[in-house]
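Per our numbering, the very first residue in the sequence shown carries number 85; after that it's consecutive.
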Amino acid sequence: MTRVVVLTGAGISVESGLSPFRGPDGLWEGHRIADVATPEGFAANPVLVQRFYNGLRRRLNDVAPNPAHVALVRLEQALGPEGMHLVTQNIDDLHQRAGSTSITAMHGELRKIRHVRTGELLPWTGDVPESETTWRPHVVWFGERTIGLDPIIEMLTRADVFAAIGTSGTVYPANQFAAIAKSCGAVTVEINLEPSGMDFDEGWFGPATEQVPAFVDRILHTAAPARRLHDCDN
Ligand code: BV8
């Protein structure tokens, strides 16, 4: 059976109406990353950070999964959780709302909040009071450990196919996944509007809502690609 690991980034949600992170001015939704997406930023100005994430969370009420999210659910249903795992860098819940269950949200989830001391998680769809400092967004900020990294790497070493969809490859450690999978014999595929500059075996360029359904059809209608027989290079 073909084992597929898919990594998604903000690009898969753009056609649902959510903007990507890195705009032309390098700022993040008009904010400096250090001010809104680091533990230091939260400690320095919790009001700004809660307000920033309240705004992003509110936007989720107005968007829905698009055909790219739905195509990945079709792939999971055809291959089963043993055959396909989705790793998303996105904190929106569009994959989950589309029906993906074999999924790791490695940068957290906007519709959950986390107790700063106990780590307890709570589902949360509304605004968090801006003065709140005990409950923070359940989001991995820069300088914080990503979620589920060890099992993700283990799956990458066993993958037949690794596909990165809608990601610029800016953020570590997600931007190492293609190289890890390739060194262990996987065929690597990039699906994006344009090449990210990272090294992939194949490139499918165009809007995710067109390219991802076509990619899923190709995976489901062709035999598993020949894997290199030797172990991982590294
Ligand atoms: C860690 C949550 C260690 C917050 C996010 C110097 C060099 C290298 C690395 C570092 C460095 N200094 C620091 C680091 C590490 C740092 C990092 O990578 N920094 C970068 C900025 C240089 N990483 C970390 O800190 C990570 N943690 O390393 O911990 C550690 C170990 C042990 C113990 C303690 C600590 C944590 C990183 C997580 C940060 N949090 N998100 C929030 O979302 O508010 S990252 C953030 O960027 C989002 O999750 C986002 O998903 C992610 C990646 O961005 P993309 O998804 O790729 O989005 P982007 O806008 O960039 O690109 C969109 C793409 O879509 C484009 O390519 C575009 O062409 C394409 N596209 C657009 N439209 C479409 C499309 N494609 C198809 N169809 C379309 N229609």
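Each residue gets a CB set at the ideal place from its N, CA and C atoms; glycine is no exception.
Taking 7 Å as the cut-off, is the C-beta of H191 nearer than that to any heavy atom in ligand 1? The residue given as residue 191 occupies position 107 in the sequence shown. Relative to ligand 1, the nearest heavy atom lies less than 7 Å away from the CB of H191.
Excluding the 5 residues preceding and the 5 following D283 in the sequence, name in chain order all residues of the same chain whose CB lies nearer than 8 Å to its CB. Residue numbering aside, residue 283 sits at position 199 when the sequence shown is read from its first letter. Cβ neighbours of D283 beyond the five flanking positions: A262, A263, K266 and T272.
Residue environment, Q295, which counts as buried when at least 16 other CB atoms sit within 10 Å: Here residue 295 refers to the residue found at position 211 when the sequence shown is read from its first residue. Q295 is buried by the Cβ-count criterion.
Going along the chain, which residues of its own chain have a beta-carbon closer than 6 Å to the beta-carbon of Y137, five neighbours each way excluded? Here residue 137 refers to the residue found at position 53 when the sequence shown is read from its first residue. Result list for Y137: P221, in chain order.
Can you tell which of I275, A148, T230 and G167 has its C-alpha closest to the C-alpha of W288? As a working note, residue 288 is residue 204 in the sequence shown. Minimum Cα distance to W288 is reached at I275.
CB-CB under 8 Å to Q173, same chain, minus the five flanking residues each way: which ones, in chain order? Within the sequence shown, the letter at position 89 stands for residue 173. The residues are L91, T92, G93, A94, M190, H191, T251, V255 and A258.
Contact test: V223 Cβ vs ligand 1 heavy atom, cutoff 7 Å: Position 139 of the sequence shown, counted from the start, is the residue given in the question as residue 223. It does: the Cβ of V223 is within 7 Å (strictly closer) of some heavy atom of ligand 1.
Do G125 and V133 have their CB atoms nearer than 8 Å? Here residue 125 is taken as the residue at index 41 of the sequence shown, counted from 1. Here residue 133 is taken as the residue at index 49 of the sequence shown, counted from 1. Their beta carbons are under 8 Å apart, which means G125 touches V133 by this criterion.
I'd like to confirm the pairing. Which residues does DSSP put opposite R198 in its beta bridges? Position 114 of the sequence shown holds residue 198. DSSP, once it has assigned bridges, lists L205 and R220 as partnering R198.
Stretch-stretch touch, CB-based, cutoff 8 Å, three pairs: the region 201-210 with the region 116-123: The region 201-210 vs the region 116-123: no contact.
Nearest-angstrom Cα distance between V212 and T306? Along the sequence shown, read from residue 1 onward, the residue named residue 212 stands at position 128. Along the sequence shown, read from residue 1 onward, the residue named residue 306 stands at position 222. In a straight line, the C-alpha of V212 is about 47 Å away from that of T306.
Measuring from the CB of T272, is there a heavy atom of ligand 1 at a distance below 7 Å? Along the sequence shown, one-based indexing puts residue 272 at 188. No, the beta carbon of T272 sits no closer than 7 Å to any heavy atom of ligand 1.
Span separating the alpha-carbon of G281 from that of I249: Counting from 1 along the sequence shown, the entry for residue 281 is found at position 197. Counting from 1 along the sequence shown, the entry for residue 249 is found at position 165. Their backbone Cα atoms lie some 13 Å apart in a straight line.
Among F105, E214 and A182, whose alpha-carbon lies nearest the alpha-carbon of R135? Residue mapping note: residue 135 aligns to position 51 of the sequence shown, counting from 1. For R135, the nearest C-alpha among the options comes from E214.
What three-state label does DSSP hand I303 in the structure shown? Locating residue 303 in the sequence shown gives position 219, where the first residue counts as 1. Helix, per DSSP.
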